[in-house]
Amino acid sequence: MAPAVSHSVLPASKKLAFTDNYFGPPKSNDISKFRALVPLVTKEDVHYLNASFQPPMNLRVRDAIEEFLDQATGAPHPKPGWQATTREAQELLSSYLHVPIDSLVFTRDTTEGLNLFQRSIPFESGANVVLLDSEHPNHVYGWLGLVSQGLEVRMVETNGSTFANADTFASYVDEKTIAIGLSSIMFHSGQLNDVQDICNTFRHKGVHVLVDLTQHVGVAPLNLTGWDVSAAAFGCHKGLGCPSGLGALYINPNVLPELKPTPPIVGAGAIANLPSTLLAKPDVEYHSSTQRYGHLNLSLVSALSLKASLKLLCEEIGLENIEAHLRSLGWELAQRVAPLGVKVLGSRSANERAPHLYILTLLHPRRKESMSHTIAVELESRSGFTTTLAM
């Protein structure tokens with residue numbers, strides 16, 4: 320079955336408030352039957368509001384892990400099967416992201432993926448990159464690690480702004496700018512940045528756009544080829560619901576020739592002419608695709624989990640349905656908290672908001688104590704009380 324992934328549920332012709340009735344509970348999109356696959360959220364006394372930090376595991380992923388354990392303890396030679404399943408997971412992931420399979424490689428996590436690309440861009444002393452001052456530290460520190468080589472890291476002062484597009488970066492970009500780095504969805508605010516606009520404006524000027532998708536994958540449709548990003552990295556432990564230890568890196572095939580020919584980390588997985596004897600030789604030939612950034616040893620249990628998760632999210636439910644459901648939950652949340660005098664911070668425009676991440680003005684301890692239901696995990700954000708919704 321082909322993955323049920325195409326376009327975002329956001330209307331292309333007009334911008335609507337996230338509280339518009341357009342985003343109310345759709346009668347034709349009842350995915351409540353899938354909640355039974357997540358035992359934690361079926362408990363009447365639990366409302367799980369921290370999915371952007373760590374979503375509760377679903378039973379499909381648990382079954383995949385248990386199958387892995389059964390094979391690990393009972394099968395004489397399970398690894399080739401696990402490796403084949405890893406390839407299937409890679410195929411499903413590339414289909415979801417709308418990218419060629421050889422442009423996508425598994426990593427350990429977001430940090431490794433970001434750093435692999437950051438350290439592959441050739442630059443001269445005095446070059447600069449531009450970031451939001453609110454960007455995730457894993458992204459920022461990767462660039463700061465290159466300051467000793469002469470890179471300037473420019474920070475856009477957001478001053479409480481909860482949306483970024485090309486105009487946000489325009490006054491900071493000049494002829495020495497080699498890259499713009501940002502998250503498509505910001506972890507602390509839930510803002511949905513206009514990556515398409517940023518790429519359309521700056522990519523043809525020779526400025527790379529490196530995107531952290533960690534908060535975006537698994538909650539909405541994505542088309543990286545359509546965006547024309549230079550590269551994107553993410554972990555699979557949030558919206559994709561896998562155990563920690565597996566991430567992915569996408570590099571635009573058209574960008575590869577502009578990068579350093581030798582990857583920052585080199586192992587046997589990077590080598591196109593790897594001898595069958597596994598005896599390394601000095602005539603090194605790297606893969607001509609993003610596979611040059613690959614490793615031979617991956618978290619296979621996480622890869623099996625990813626395949627199970629993608630089958631559920633993309634083929635059984637559909638990412639469009641998931642996004643619509645999450646936006647309807649956000650719509651209902653706003654309706655319910657408004658009479659209590661509680662505000663949802665950030666932009667009112669749905670086009671500038673993540674489907675699943677909302678910040679409430681719940682800073683006073685007595686407000687927290689008055690909540691009538693158990694909240695599985697609380698996370699105090701930079702601006703207020705973070706609520707992140709799931710199925």
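Quick note: to get this note's numbering, add 319 to the position in the sequence shown (first position is 1). Heads up, the beta-carbon is just placed ideally off N, CA and C, and yes, glycines get one too. Predicted, not measured: the structure shown is a model, and the values here were computed from it.
Asked, Found
"Residue 327 versus residue 643: straight-line alpha-carbon distance, rounded", "9 Å"
"Span separating the alpha-carbon of residue 386 from that of residue 541", "30 Å"
"Own chain residues within Cβ distance below 6 Å of residue 532, not counting five before or after", "503, 551, 553"
"Option in 625, 648, 651 with minimal Cα separation from residue 402", "625"
"N-terminal and C-terminal residue of the beta strand (DSSP E) that residue 289 is part of", "Past the boundaries of the shown model lies residue 289; the chain is included only from 320 to 710, so the question cannot be answered."
"Distance CB(residue 655)-CB(residue 337) smaller than 9 Å", "no"
"C-beta contact flag for residue 591 and residue 605 at 9 Å", "yes"
"Sub-9 Å separation of residue 446 and residue 469 beta-carbons", "yes"
"Three-state secondary structure (DSSP) of residue 531", "strand"
"Residue 532: CB within 8 Å of a non-hydrogen atom of the ligand SAH", "Absence of the ligand SAH is noted for the structure shown, with no ligands found whatsoever."
"Residue closest to residue 530, alpha-carbon to alpha-carbon, out of 548, 536, 629, 345", "548"
"Member of 333, 648, 436 whose CA lies at the smallest distance from the CA of residue 613", "436"
"Proximity to residue 599 [Cα-Cα], best of 607, 610, 586, 609", "586"
"Own chain, CB closer than 6 Å to residue 674, minus 5 neighbours either side, in chain order", "538, 539, 642, 645, 646"
"Presumed contact (8 Å Cβ cut-off) between residue 665 and residue 678, rounded CB distance", "6 Å"
"Extent of the continuous beta strand (DSSP E) to which residue 459 belongs", "No beta strand (DSSP E) holds residue 459; the alpha helix (DSSP H) holding it covers 456–463."
"Cα-Cα separation, residue 449 to residue 513", "15 Å"
"Integer Cβ distance of residue 650 from residue 342, believed to fall under 8 Å", "4 Å"
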